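Engineer: The opening residue of the sequence shown carries number 1 in the numbering used here; numbering runs sequentially from there.
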Amino acid sequence: MTELVRSRTDERRVARVTIARPDVKNAFNAELIAQLSAAIDGVPADARCVVLASEGDTFCAGADLAWMRSMADYTLEENLADSGALARLFAKLDELPMPIVARVQGSAFGGGAGLVAMADIAVAVEAAVFAFTEVRLGIVPAVVSPYVVRKVGPSFATAAFTTGIRFDSHRAFDAGLVHSVVDEGQLDAEVGRFVDAIISGGPEAVNAAKRLVREVTGRAPADVRDLVVQRIANARVGAEGQDGMRAFLEKRAPRWLGGSRRQN
1 MTELVRSRTD ERRVARVTIA RPDVKNAFNA ELIAQLSAAI DGVPADARCV VLASEGDTFC
61 AGADLAWMRS MADYTLEENL ADSGALARLF AKLDELPMPI VARVQGSAFG GGAGLVAMAD
121 IAVAVEAAVF AFTEVRLGIV PAVVSPYVVR KVGPSFATAA FTTGIRFDSH RAFDAGLVHS
181 VVDEGQLDAE VGRFVDAIIS GGPEAVNAAK RLVREVTGRA PADVRDLVVQ RIANARVGAE
241 GQDGMRAFLE KRAPRWLGGS RRQN
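(1) Within this structure, are the beta carbons of Ala108 and Val148 separated by less than 8 Å?
(2) For Ser155, count neighbouring Cβ atoms within 10 angstroms of its own Cβ and tell me buried if that reaches 16, exposed if not.
(3) Quick check on the burial criterion: 16 or more other C-beta atoms within 10 angstroms. Buried or exposed for Ala63?
(4) Run the CB neighbour count on Asn264, radius 10 Å, all protein chains shown included, and call it buried at 16 or more, exposed below.
(5) Would you say the segment 187 to 195 touches the segment 128 to 143, given that touching needs at least three Cβ pairs under 8 Å?
(6) Can we say the segment 204 to 223 touches the segment 87 to 100, given the rule of at least three CB pairs closer than 8 Å?
(7) Suppose only complete runs of 3+ residues qualify. What are the beta strand (DSSP E) ranges in the segment 4 to 82, listed by chain order?
(8) CA-CA distance, Thr9 and Arg246?
(9) Take Arg225 and list the residues in its own chain whose beta-carbon comes closer than 8 Å to its own, dropping the five residues that flank it on each side.
(10) Could you name each continuous alpha helix (DSSP H) segment of 4 residues or more that falls completely within the segment 104 to 147, going from the start of the chain to the end?
(11) Return the chain-ordered list of same chain residues with a C-beta closer than 8 Å to the C-beta of Val125, the five sequence neighbours on each side being excluded.
(12) Please report the Cβ distance between Leu32 and Ile19, rounded to the nearest whole angstrom; I am assuming they are in contact, meaning their Cβ atoms lie under 8 Å.
(13) Per DSSP, what kind of secondary structure is Asp226 in: helix, strand or coil?
(14) Rounding to the nearest angstrom, what Cα-Cα distance links Ala326 and Ala15 in this structure?
(15) Rounded to the nearest angstrom, what separates Arg236 and Gln242 at their Cα positions?
(16) Identify whether Val178 lies in helix, strand or coil by the three-state DSSP scheme.
(17) In angstroms with no decimal places, state the Cα-to-Cα distance between Gly238 and Asp46.
(18) How about Thr58 and Asn26: do their beta carbons lie closer than 8 Å?
(19) Between which two residues does the alpha helix (DSSP H) holding Asp243 run?
(20) Is Ala157 helix, strand or coil by DSSP?
(21) Are there 16 or more other CB atoms within 10 angstroms of the CB of Asp22, so buried, or fewer, so exposed?
(22) Go ahead and pull the three-state DSSP assignment for Asn264.
(23) What residues in its chain sit with their C-beta under 8 Å from that of Val17, if we drop five residues either side in the sequence?
(24) Is Arg252 helix, strand or coil when you go by DSSP?
(25) Can you name the residues that DSSP bridges to Ile100?
(26) So is Leu213 buried or exposed if we call it buried at 16+ other beta carbons inside 10 Å?
(27) Measure the C-alpha to C-alpha separation of Arg231 and Ile199 and round it to an integer number of angstroms.
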């Protein structure tokens, strides 16, 4: 079997998942979806974050043309099974408890732009272009739609979905699809800056912060008051919170960073 996805976890517990299908712009087909799903299943529970990357000059071009040709003759049942596999992949990404950082070294279209929307943090090169072009093929960006709308809001998503118009990295930044736009030579350093920042926080606190956003989104402050009070109280009395606060007062690094004395 051809290796279409590579994954590894380094000594800092940073999991790196790389799509390796550059000859077809890292486009989706059934095999890539299966291998990417398996790679996400293999992310260690104690990973601090996941860096999602790809090879070549394009982040992900969406659906593979040969795959699309084969789907043209699919029955409804076959289409349901095929779409279900992609939906399960996105659900697995969405369920990861640790932050996902997308390293967007090139353009992202269709489901590829959906991967960018799935990321908690996305860093893109200035030359990257994005689009949800499904309507131009007579179909819709259905599977990725919940994640895109959550990321950029219904107004931008409606315009992007109904027109299929391409937009540049700066428009993607303005919309909230990506969080940093850099020159190509700065991409890895900028991804590293976000990874370092994640690792500097308490492992439990970082994951809890990601989860908290999901819990309060779309709810009135009064409706989540008890929830947020409970969350901060639990964090303060927990072992990680206790160590973090004491480390600050004692001018030392917290245990998750080694606990050594900081210099004044």
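Even glycine gets a Cβ: it sits at the ideal position worked out from N, Cα and C.
If you're wondering where the values come from, they're calculated on a predicted model, not measured in any experiment.
Structural biologist: So, from the listed chains and residues:
(1) no
(2) exposed
(3) buried
(4) Residue confidence is low: Asn264 scores 45 on pLDDT, short of 50, so the model does not pin down where it sits. Its coordinate-derived value is still stated next. Per the 10 Å Cβ criterion, exposed.
(5) no
(6) yes
(7) 5 to 9, 14 to 19, 49 to 54 and 58 to 60
(8) Straight across, the Cα-Cα distance linking Thr9 with Arg246 is about 30 Å.
(9) none
(10) 111 to 118
(11) Val104, Gln105, Gly106, Ser169, Val181, Val182, Asp183, Glu184 and Leu187
(12) 7 Å
(13) helix
(14) Nothing can be reported for residue 326, as the shown portion of the chain is limited to 1 through 264.
(15) 6 Å
(16) If DSSP states are grouped into helix, strand and coil, Val178 belongs with coil.
(17) 18 Å
(18) Yes, Cβ-Cβ distance for Thr58 and Asn26 is below 8 Å.
(19) Ala239 to Leu249
(20) helix
(21) Per the sequence shown, residue 22 should be read as Pro rather than Asp. Label assigned to Pro22: exposed.
(22) The predicted position of Asn264 is uncertain, since its pLDDT is 45 and thus under 50; no value can be drawn from it.
(23) Counting only Cβ-Cβ distances below 8 Å, and skipping sequence neighbours, we find Val5, Arg6, Ser7, Leu36, Ala39, Ile40, Val43, Val50, Val51, Leu52 and Ala53.
(24) strand
(25) Val50
(26) Note that residue 213 is Val in the sequence shown, not Leu. Taking a 10 Å sphere around the C-beta of Val213, we find fewer than 16 other C-beta atoms and assign the residue as exposed.
(27) 21 Å
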